[in-house]
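Residue numbers (our numbering): 46 to 470.
Where a beta carbon is used, it is the ideal one built from N, C-alpha and C, also for glycine.
Accompanying notes for the structure given below.
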Ligand SMILES: Cc1ncc(COP(=O)(O)O)c(C=O)c1O
């Protein structure tokens with residue numbers, strides 16, 4: 046039954062699907078779906094790995110043949126390879142309310158968090174408090190724990206709960222750095238960046254925002270919020286592909302004082318002088334470390350061209366409409382099967398994903414994936430559905446709920462094959 050479920054649902058006459066298709070007909074972003082290569086079925090996991098921009102294959106091919114095979118070493122200059130962390134950062138800046146010179150595309154989110162955290166701590170000498178959150182993505186807390194152990198042994202890490210008030214309650218005159226996710230990776234809850242940043246500044250602390258689940262999904266204005274530092278990845282809503290390079294943001298007012306702890310040769314003021322003593326660049330390039338993975342920047346640039354064909358406000362409008370539609374249908378058709386929406390219903394507090402809980406979340410998600418609807422599972426009991434407005438339709442949202450409803454009604458998920466654990470969830 047699994048392979049045919051989507052085809053059967055699509056072909057059946059359904060007022061719900063008709064309504065969804067009507068909304069797709071009126072969707073100003075609908076044409077952008079064709080700019081992605083998507084498999085058959087419904088893809089609701091762009092919050093984990095975004096779809097491939099359709100032009101990425103040709104762009105990669107050109108980078109390989111013209112850039113690598115023919116150009117070889119000359120391409121570091123001729124193809125602008127050496128400056129990709131900066132030039133792609135300049136393009137990304139527009140999506141986060143940053144000035145072009147404030148963003149660098151490099152390394153992984155984890156590494157960039159280490160760099161910005163160490164920089165921020167060194168800018169608040171004498172203070173010992175570090176605040177993060179209990180339900181943060183683990184790498185964020187792991188990085189803080191490791192950096193504290195290795196470099197700031199006097200510091201103390203306090204973990205707040207999901208609500209912003211809990212963060213504010215931990216702030217004190219001893220707080221050095223606050224490091225939070227803007228959108229929670231499990232629940233999809235959105236924090237009030239402006240209010241939290243303001244409160245942290247009033248306490249004299251610096252703030253680092255992790256925008257892994259925000260950038261490309263909703264408007265972000267780091268400048269207006271007076272954020273100090275930010276980090277994020279590009280392989281989720283920014284569609285850069287598996288392991289695409291991450292980015293970091295340093296507010297221009299901190300560029301002089303902020304120092305990277307990873308003093309690699311590419312962060313040197315004159316890397317090709319091969320001076321044996323490290324002397325940092327004066328620009329955001331001081332946060333470079335080693336050689337950039339050039340080929341990984343290519344799909345990101347293709348994806349940014351799609352973003353440049355619309356506005357982040359239009360993306361947010363559709364995201365809120367899609368997630369509200371999905372939540373409404375989940376309440377109507379899935380709640381009676383024990384699937385509970387845990388994502389905030391108030392759009393102003395929600396990112397671009399919807400999370401449902403169920404004690405048997407793992408086998409249910411495996412049955413759904415086998416039926417052609419791809420979401421993912423986060424332990425212990427969360428089924429996550431990401432809504433990437435550039436390529437997800439209202440029909441996709443409706444089909445996902447209908448397929449899930451059928452799987453619950455038939456008990457398909459109880460088949461032993463769906464209980465089998467996998468390495469990556
Ligand atoms: C909030 C957040 N931070 C960081 C990461 C991962 O960081 P890295 O790119 O270093 O693996 C993720 C991955 O899902 C995430 O959700």
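Extent of the continuous beta strand (DSSP E) to which residue 398 belongs: 398-402
message = Tell me whether the stretch 374-381 and the stretch 302-315 touch, counting them as touching only if at least three CB pairs, one residue from each stretch, are closer than 8 Å.
response = no
* **Which of helix, strand or coil DSSP assigns to residue 224** => strand
task = Kindly confirm or deny that the stretch 108-126 and the stretch 339-349 touch, where touching means at least three C-beta pairs closer than 8 Å.
result = yes
Next item on the list: Quickly, what does DSSP pair residue 313 with across the bridge? List them, please.
Entry: 325
- Which residue's Cα is closest to the Cα of residue 251: 165, 286, 197, 308? 165
Collapsed DSSP secondary structure at residue 387 in the structure displayed: coil
query: Would you say residue 224 and residue 177 are within 8 Å of each other, going by their C-beta atoms?
result: yes
Q. Opposite residue 275 in the DSSP bridges: which residues?
A. 254, 294
Provide the residue span of the alpha helix (DSSP H) that contains residue 339, from first to last.
339-352
_Restricting to Cα atoms, I'd like to know which of 59, 64, 58, 345 is closest to residue 280._
345
Can you give the Cα-Cα distance for residue 294 and residue 149, rounded to whole angstroms? 7 Å
Taking the C-alpha atoms as reference points, what is the distance between residue 212 and residue 254?
13 Å
**Prompt:** Between residue 65 and residue 443, which are expected to be in contact by the criterion C-beta below 8 Å, what is the C-beta distance as a whole number of angstroms?
**Reply:** 4 Å
Residue 185 Cβ short of 7 Å to ligand 1 heavy atom set
yes
Near ligand 1: residue 370 beta-carbon under 7 Å from a heavy atom:
no
8 Å contact criterion, which residue 246 and residue 271 should meet: CB distance rounded: 7 Å
- Message: Pairs of beta-carbons, one from the stretch 136-143 and one from the stretch 114-124, closer than 8 Å: are there three or more?
- Response: no
* Would you report the Cα separation of residue 283 and residue 95, rounded to the nearest angstrom? -> 7 Å
Alpha helix (DSSP H) segment containing residue 370, residue limits: 357-378
Which runs of the alpha helix (DSSP H) spanning at least 4 residues fall entirely within the stretch 126-172, listed in chain order? 129-138, 154-167
*By Cβ distance below 7 Å, which residues in the same chain neighbour residue 136 in space, the five residues on each side in sequence not counted?*
349
6 Å CB neighbourhood of residue 153 in its chain, flanking five on each side removed:
291
Counting Cβ pairs, one atom from each stretch, are 3 or more of them under 8 Å apart for the stretch 316-330 and the stretch 103-115?
no
If residue 457 and residue 412 are in contact, beta carbons under 8 Å, what's the gap, nearest whole angstrom? 5 Å
Task: 6 Å CB neighbourhood of residue 228 in its chain, flanking five on each side removed - done: 235, 258, 259, 396
**OP:** Over the uninterrupted beta strand (DSSP E) stretch that includes residue 439, give me the two end residues.
**Re:** Residue 439 -> not in any beta strand (DSSP E); alpha helix (DSSP H) instead, spanning 439-455.
Measure from the alpha carbon of residue 465 to the alpha carbon of each residue in 278, 190, 409, then state which is nearest. 409
Per DSSP, what kind of secondary structure is residue 435 in: helix, strand or coil? coil
Taking the Cβ atom as the reference point for each residue, do residue 436 and residue 77 lie within a distance shorter than 8 Å? yes
Taking buried to mean at least 16 other C-beta atoms within 10 Å of its own C-beta, is residue 130 buried or exposed? buried
Residue 174, DSSP secondary structure in three states: strand
Next on the checklist: Only counting the same chain, and skipping five residues up and downstream in sequence, which positions put a Cβ closer than 7 Å to that of residue 189?
Outcome noted: 162, 175, 177, 202, 224
What is the DSSP secondary structure of residue 194, reduced to helix, strand or coil? helix
I want to know whether the stretch 388-407 touches the stretch 420-431 - three or more CB-CB distances under 8 Å.
yes
Any idea what DSSP makes of residue 68, helix, strand or coil? helix
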